[in-house]
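Working notes for the structure below.
Number of protein chains: 2
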Amino acid sequence: MRATVIHAPHDIRVEDVPDPVVQQPTDVVVRVLRACICGSDLWAYRGESARKPGQRIGHEFLGIVEQAGSDVTGFRAGDLVVAPFVWSDGTCAFCADGLHTSCPQGGFWGSEGSDGGQGEAVRVPFADGTLVKLPAEAASDDRLLTALLALSDVLGTGHHAAVGAGVKPGSTVAVVGDGAVGLCGVMAAKRLGADRIIALGRHTARTDIARAFGATDVVAARGEEAVAAVRELTGGAGAHSVIEAVGTEQSMRTAFGIARDGGAVGYVGVPHGSGTGLDLGDMFNRNVALRGGVAPVRAYIPELLPDVLDGTIDPSPVFDLAVGLDEVPAGYKAMDERTALKVLVKP
Amino acid sequence: MRATVIHAPHDIRVEDVPDPVVQQPTDVVVRVLRACICGSDLWAYRGESARKPGQRIGHEFLGIVEQAGSDVTGFRAGDLVVAPFVWSDGTCAFCADGLHTSCPQGGFWGSEGSDGGQGEAVRVPFADGTLVKLPAEAASDDRLLTALLALSDVLGTGHHAAVGAGVKPGSTVAVVGDGAVGLCGVMAAKRLGADRIIALGRHTARTDIARAFGATDVVAARGEEAVAAVRELTGGAGAHSVIEAVGTEQSMRTAFGIARDGGAVGYVGVPHGSGTGLDLGDMFNRNVALRGGVAPVRAYIPELLPDVLDGTIDPSPVFDLAVGLDEVPAGYKAMDERTALKVLVKP
Numbered sequence: 005m006r007a008t009v010i011h012a013p014h015d016i017r018v019e020d021v022p023d024p025v026v027q028q029p030t031d032v033v034v035r036v037l038r039a040c041i042c043g044s045d046l047w048a049y050r051g052e053s054a055r056k057p058g059q060r061i062g063h064e065f066l067g068i069v070e071q072a073g074s075d076v077t078g079f080r081a082g083d084l085v086v087a088p089f090v091w092s093d094g095t096c097a098f099c100a101d102g103l104h105t106s107c108p109q110g111g112f113w114g115s116e117g118s119d120g121g122q123g124e125a126v127r128v129p130f131a132d133g134t135l136v137k138l139p140a141e142a143a144s145d146d147r148l149l150t151a152l153l154a155l156s157d158v159l160g161t162g163h164h165a166a167v168g169a170g171v172k173p174g175s176t177v178a179v180v181g182d183g184a185v186g187l188c189g190v191m192a193a194k195r196l197g198a199d200r201i202i203a204l205g206r207h208t209a210r211t212d213i214a215r216a217f218g219a220t221d222v223v224a225a226r227g228e229e230a231v232a233a234v235r236e237l238t239g240g241a242g243a244h245s246v247i248e249a250v251g252t253e254q255s256m257r258t259a260f261g262i263a264r265d266g267g268a269v270g271y272v273g274v275p276h277g278s279g280t281g282l283d284l285g286d287m288f289n290r291n292v293a294l295r296g297g298v299a300p301v302r303a304y305i306p307e308l309l310p311d312v313l314d315g316t317i318d319p320s321p322v323f324d325l326a327v328g329l330d331e332v333p334a335g336y337k338a339m340d341e342r343t344a345l346k347v348l349v350k351p
Numbered sequence: 005m006r007a008t009v010i011h012a013p014h015d016i017r018v019e020d021v022p023d024p025v026v027q028q029p030t031d032v033v034v035r036v037l038r039a040c041i042c043g044s045d046l047w048a049y050r051g052e053s054a055r056k057p058g059q060r061i062g063h064e065f066l067g068i069v070e071q072a073g074s075d076v077t078g079f080r081a082g083d084l085v086v087a088p089f090v091w092s093d094g095t096c097a098f099c100a101d102g103l104h105t106s107c108p109q110g111g112f113w114g115s116e117g118s119d120g121g122q123g124e125a126v127r128v129p130f131a132d133g134t135l136v137k138l139p140a141e142a143a144s145d146d147r148l149l150t151a152l153l154a155l156s157d158v159l160g161t162g163h164h165a166a167v168g169a170g171v172k173p174g175s176t177v178a179v180v181g182d183g184a185v186g187l188c189g190v191m192a193a194k195r196l197g198a199d200r201i202i203a204l205g206r207h208t209a210r211t212d213i214a215r216a217f218g219a220t221d222v223v224a225a226r227g228e229e230a231v232a233a234v235r236e237l238t239g240g241a242g243a244h245s246v247i248e249a250v251g252t253e254q255s256m257r258t259a260f261g262i263a264r265d266g267g268a269v270g271y272v273g274v275p276h277g278s279g280t281g282l283d284l285g286d287m288f289n290r291n292v293a294l295r296g297g298v299a300p301v302r303a304y305i306p307e308l309l310p311d312v313l314d315g316t317i318d319p320s321p322v323f324d325l326a327v328g329l330d331e332v333p334a335g336y337k338a339m340d341e342r343t344a345l346k347v348l349v350k351p
């Protein structure tokens with residue numbers, strides 16, 4: 005089959021690789037209908053996260069089960085399924101707690117020895133603990149299929165940030181980061197009943213989506229200027245719930261700078277860079293909590309799926325460029341250069 | 005009157021100072037019956053927290069209202085009252101939220117221009133928003149009076165850590181710090197229904213109190229050895245709720261080291277030292293939250309007071325040395341040298 009392989013920073017290729025097959029009785033093989041490129045894939049693309057030459061890449065996909073191992077009970081050939089961005093056994097204490105990302109048998113698509121999502125097919129370990137079935141009729145609805153793909157990462161990750169930030173009905177929420185995750189954070193905050201949602205962003209194409217997703221205010225500034233603007237919008241106090249969807253020192257500083265005393269920063273931006281951006285003394289004096297991390301999206305799919313299916317929420321607008329598999333390298337380039345927000349891949 | 009004054013590191017004196025009087029119509033003057041020395045007072049004593057020569061010190065006290073300003077409605081001369089370690093106006097949005105420590109008109113006893121708790125009397129600003137009335141009959145019950153004094157800081161601070169750590173009925177909790185706050189954290193965790201409470205400490209006099217307060221296990225180790233021991237006690241997973249009651253880099257590292265993935269560290273140890281001890285990448289990968297800070301004990305007194313009054317909880321054993329006002333300097337020395345756990349002051 006054809007799949008995306010990363011050889012070095014900025015060297016992404018689509019190549020012939022061995023066809024995946026069921027290796028364990030708990031595996032299935034999924035033929036990919038939709039995949040996409042994640043902002044966090046760019047850390048590998050830019051060389052900020054190490055990859056071995058030849059590793060697969062891509063961790064978001066949905067598709068059709070092609071082959072199922074003998075121990076798989078929940079899926080059979082022909083089922084339409086979505087995969088969260090980590091696989092998990094579904095049977096351990098962490099999976100039972102809804103923290104599938106800490107499953108001792110879990111792993112990330114594209115890690116060494118595993119398939120990546122940006123390919124024609126994927127071997128899925130622990131299929132019963134990992135995949136979620138989708139209605140078969142969604143396969144023929146292009147818009148819905150795209151929206152459902154967001155369940156594999158960005159929508160659940162935005163939701164995780166909103167949960168970590170403690171969004172409640174009536175909350176005032178601020179969102180740092182105008183990428184697809186930040187925009188899904190806006191959507192999640194709205195869905196959880198936030199009354200006021202302040203999106204930080206300077207790209208009108210993105211802030212327009214933020215407004216469509218529920219942002220009531222847009223702050224087109226960064227750093228100290230953004231902090232001052234959010235404080236002014238909130239009577240000086242800041243937002244009780246802040247979603248941090250970038251992962252840099254600067255974005256973390258901004259997030260705490262706009263957080264209200266007693267509030268929380270829900271962070272899902274993969275931390276990168278040398279420092280944390282955290283001022284523990286300030287967090288302590290103002291009782292601002294930090295909660296979040298890698299999102300256990302598998303746990304959230306059952307809650308979010310019905311709202312996507314019935315159209316209550318539609319995250320599909322975060323995908324603003326669609327490419328075929330052979331154009332994936334161009335897709336990375338477009339996201340790296342910020343000419344695309346999030347790239348959809350149709351193998 | 006006589007009051008404790010800090011002139012320089014290790015130079016604590018009890019001196020004649022002006023008698024406090026009502027200055028604002030919202031003030032009262034409280035004659036101190038019981039005060040005490042806090043672990044955080046030692047940072048000033050050791051020169052790790054800056055003080056201007058001549059500042060008062062001490063932030064925990066209870067006593068009898070001696071004089072009340074004309075606008076004070078909740079208290080009159082003769083009332084027995086306890087003061088939380090910050091004053092607060094009781095009328096702002098933060099006080100309404102239960103975050104009295106962020107009250108814009110609030111302040112700490114012993115800050116410049118204010119009285120400290122370790123003296124014969126204290127001028128209390130915003131008395132209606134600050135003080136809590138106690139039953140008059142408690143004044144004649146020495147043991148109860150000592151227990152009630154814990155409401156001014158250590159008990160509410162231990163409770164804040166337990167709340168921050170997310171202690172729930174059935175929880176497994178680990179407590180880093182065997183000082184009075186850590187021990188009150190044990191008590192608070194037990195009160196909130198924790199099933200298993202692992203206290204870290206190497207001083208049997210202290211861990212005996214921890215056991216009396218509800219600890220089910222004691223780990224007499226520090227650092228990596230303590231992490232390994234707690235992990236072994238918890239089947240490798242760690243404690244879902246960790247109370248951090250020290251405030252050093254090392255204690256924070258230990259706290260996160262023994263926290264279960266998906267859990268939380270509730271921190272109330274005043275951060276000191278150059279670094280934070282936080283590994284943001286590890287927190288992110290394991291979804292361990294950090295929540296806490298300076299405890300809004302005023303908010304907790306109404307909840308905790310009935311349990312102290314009826315004997316459901318009795319924090320008085322944390323006070324293991326009682327001194328008169330003139331012996332306060334010796335009390336600091338005893339706590340600094342760890343020959344006393346927490347020093348009670350009877351002016």
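Going down the list, the sequences are from chains A and B. Quick note on numbering: the first sequence equals residues 5 to 351 in my numbering. Quick note on numbering: the second sequence equals residues 5 to 351 in my numbering. By construction, the Cβ of each residue, glycine as well, lies at the ideal position given by its N, Cα and C atoms.
Based on the DSSP secondary-structure assignment, which residues constitute the bridge partners of C40 of chain B? Taking the first residue of the second sequence as 1, we reach residue 40 of chain B at position 36. C40 of chain B is bridged to B:L348.
How is E70 of chain B classed by DSSP in three states: helix, strand or coil? For this step, residue 70 of chain B is matched to residue 66 along the second sequence. Three-state DSSP puts E70 of chain B in a strand.
Chain B within 9 Å of Y271 of chain A, Cβ atoms only: Taking the first sequence and counting its residues from 1, one reaches residue 271 of chain A at position 267. Answer yes: the Cβ-Cβ gap between Y271 of chain A and chain B drops below 9 Å somewhere.
Coil, strand or helix - Q254 of chain B by DSSP: For the purposes of this step, residue 254 of chain B is identified with residue 250 of the second sequence, where counting begins at 1. In this structure, Q254 of chain B counts as helix in the three-state DSSP scheme.
So the beta strand (DSSP E) V171 of chain A belongs to, where does it begin and stop? Taking the first sequence and counting its residues from 1, the one referred to as residue 171 of chain A is at position 167. Here V171 of chain A belongs to no beta strand (DSSP E), and DSSP marks it neither H nor E.
Taking the C-alpha atoms as reference points, what is the distance between G82 of chain B and V128 of chain B? Locating residue 82 of chain B in the second sequence gives position 78, counting from the first residue. Locating residue 128 of chain B in the second sequence gives position 124, counting from the first residue. For G82 of chain B and V128 of chain B, the distance between alpha carbons rounds to 15 Å.
Excluding the five sequence neighbours on either side, which residues of its own chain have a C-beta within less than 6 Å of the C-beta of T252 of chain A, listed in chain order? By one-based count along the first sequence, residue 252 of chain A stands at place 248. These residues qualify, in order along the chain: G277.
Nearest residue (CA-CA) to G114 of chain B, options B:W91, B:P108, B:L103: Looking up residue 114 of chain B in the second sequence gives position 110. Ranking B:W91, B:P108, B:L103 by Cα distance to G114 of chain B puts B:W91 first.
Taking 9 Å as the CB-CB limit, is S156 of chain B close to chain A? As a first step, residue 156 of chain B must be located in the second sequence, where it is residue number 152. Judged by the 9 Å Cβ criterion, S156 of chain B is not in contact with chain A.
Do V158 of chain A and V86 of chain A count as a contact pair if the criterion is CB distance below 9 Å? Counted from its first residue, the first sequence places residue 86 of chain A at position 82. Counted from its first residue, the first sequence places residue 158 of chain A at position 154. Result no, Cβ atoms of V86 of chain A and V158 of chain A do not sit closer than 9 Å.
For V298 of chain A, return the contacting residues in chain B, with the cut-off set at a CB-CB distance below 9 Å. If you number the first sequence from 1, residue 298 of chain A lands on position 294. Here the neighbours are F288, N289, R290, N291.
Pull out every residue of the segment 82-114 of chain B whose Cβ sits closer than 9 Å to any Cβ of chain A, in chain order. A97, F98, D101, G102, L103, T105, S106
From G186 of chain B to R206 of chain B, what distance separates their C-alpha atoms? Counting from 1 along the second sequence, the entry for residue 186 of chain B is found at position 182. Counting from 1 along the second sequence, the entry for residue 206 of chain B is found at position 202. Rounded to whole angstroms, G186 of chain B to R206 of chain B spans 13 Å at the Cα level.
Answer yes or no: do R17 of chain B and P333 of chain B have a C-beta to C-beta separation smaller than 9 Å? By one-based count along the second sequence, residue 17 of chain B stands at place 13. By one-based count along the second sequence, residue 333 of chain B stands at place 329. Yes, the Cβ-Cβ distance between R17 of chain B and P333 of chain B is below 9 Å.
Between A:V231, A:I262, A:D23, which has its C-alpha nearest Q71 of chain A's C-alpha? Residue numbering aside, residue 71 of chain A sits at position 67 when the first sequence is read from its first letter. Minimum Cα distance to Q71 of chain A is reached at A:D23.
When burial is assigned at 16 or more other CB atoms within 10 Å of the CB, is E248 of chain B buried or exposed? The residue you call residue 248 of chain B lines up with position 244 of the second sequence. Per the 10 Å Cβ criterion, buried.
If you measure from the beta carbon of L284 of chain B to each beta carbon in chain A, is any gap under 9 Å? Counting from 1 along the second sequence, the entry for residue 284 of chain B is found at position 280. It does; some Cβ of chain A falls within 9 Å.
Report all residues from its chain with a CB closer than 7 Å to the CB of E52 of chain B; omit the five preceding and five following residues, and keep chain order. Sequence index remark: in the second sequence, residue 52 of chain B carries index 48 (1-based). Cβ within range, chain order: H276.
Going along the chain, which residues of its own chain have a beta-carbon closer than 8 Å to the beta-carbon of K56 of chain A, five neighbours each way excluded? In the first sequence, residue 56 of chain A corresponds to position 52, counting from 1. Answer for K56 of chain A: E116, listed in chain order.
Residue environment, H14 of chain A, which counts as buried when at least 16 other CB atoms sit within 10 Å: Mapped onto the first sequence, residue 14 of chain A falls at position 10. H14 of chain A should be labelled exposed.
Three Cβ pairs or more, each shorter than 8 Å: is that satisfied between the segment 288-302 of chain A and the segment 152-171 of chain A? yes
Counting only beta-carbon separations shorter than 9 Å, does G266 of chain B have a partner in chain A? For the purposes of this step, residue 266 of chain B is taken as the residue at position 262 of the second sequence. So, interface residue.
So, does the segment 93-100 of chain A touch the segment 119-133 of chain A, judging by three or more C-beta pairs under 8 Å? yes
Three-state class that DSSP yields for I16 of chain A in the structure shown: On the first sequence, position 12 is the one that residue 16 of chain A refers to. In this structure, I16 of chain A counts as strand in the three-state DSSP scheme.
On the three-pair Cβ rule with 8 Å, is the segment 316-331 of chain A touching the segment 304-324 of chain B? no
Using the C-alpha atoms, what's the distance from K172 of chain B back to Y271 of chain A? What you label residue 271 of chain A is simply residue 267 of the first sequence in a count that begins at 1. What you label residue 172 of chain B is simply residue 168 of the second sequence in a count that begins at 1. Approximately 24 Å between the Cα atoms of the pair.
Using DSSP's beta-bridge definition, name the partner residues of K137 of chain B. Reading the second sequence from its first residue, position 133 is the one you call residue 137 of chain B. The partner list for K137 of chain B (beta bridge, DSSP) reads B:V85.
Spatial neighbours of D119 of chain A within its chain, please: C-beta separation below 6 Å, excluding the five flanking residues on both sides. Taking the first residue of the first sequence as position 1, residue 119 of chain A is located at position 115. So the qualifying residues of the chain are P24, R60, V126, R127.
Since Q254 of chain B and G281 of chain B are thought to touch, with beta carbons under 8 Å apart, how far apart are those beta carbons, to the nearest angstrom? As a working note, residue 254 of chain B is residue 250 in the second sequence. As a working note, residue 281 of chain B is residue 277 in the second sequence. Indeed, because the Cβ distance is near 7 Å, the residues count as touching under 8 Å.
Name the residues in the segment 172-183 of chain A whose C-beta lies less than 9 Å from a C-beta of chain B; which are they? none
If we ignore side chains and look at the alpha-carbon of each, how far apart do D182 of chain B and C40 of chain A end up? In the second sequence, residue 182 of chain B corresponds to position 178, counting from 1. In the first sequence, residue 40 of chain A corresponds to position 36, counting from 1. One C-alpha to the other measures close to 51 Å.
Establish whether the CB of A54 of chain B and some CB of chain A are separated by less than 9 Å. By one-based count along the second sequence, residue 54 of chain B stands at place 50. Chain A contact via Cβ: absent.
With A268 of chain B as the anchor, note down where its beta strand (DSSP E) starts and where it stops. Locating residue 268 of chain B in the second sequence gives position 264, counting from the first residue. A268 of chain B -> beta strand (DSSP E) spans 263-271.
Please give the ranges of any alpha helix (DSSP H) in the segment 225-252 of chain B, keeping only runs that are unbroken, at least 4 residues long and fully inside the region. 227-237
Any chain B beta carbon closer than 9 Å to G168 of chain A: Against the first sequence, residue 168 of chain A aligns to sequence position 164. Taking Cβ atoms only, chain B reaches closer than 9 Å to G168 of chain A, which makes this a yes.
Supposed close pair G354 of chain A, G62 of chain A - CB separation, criterion 8 Å: There is no way to answer for residue 354 of chain A, as the model of chain A reaches only from 5 to 351.
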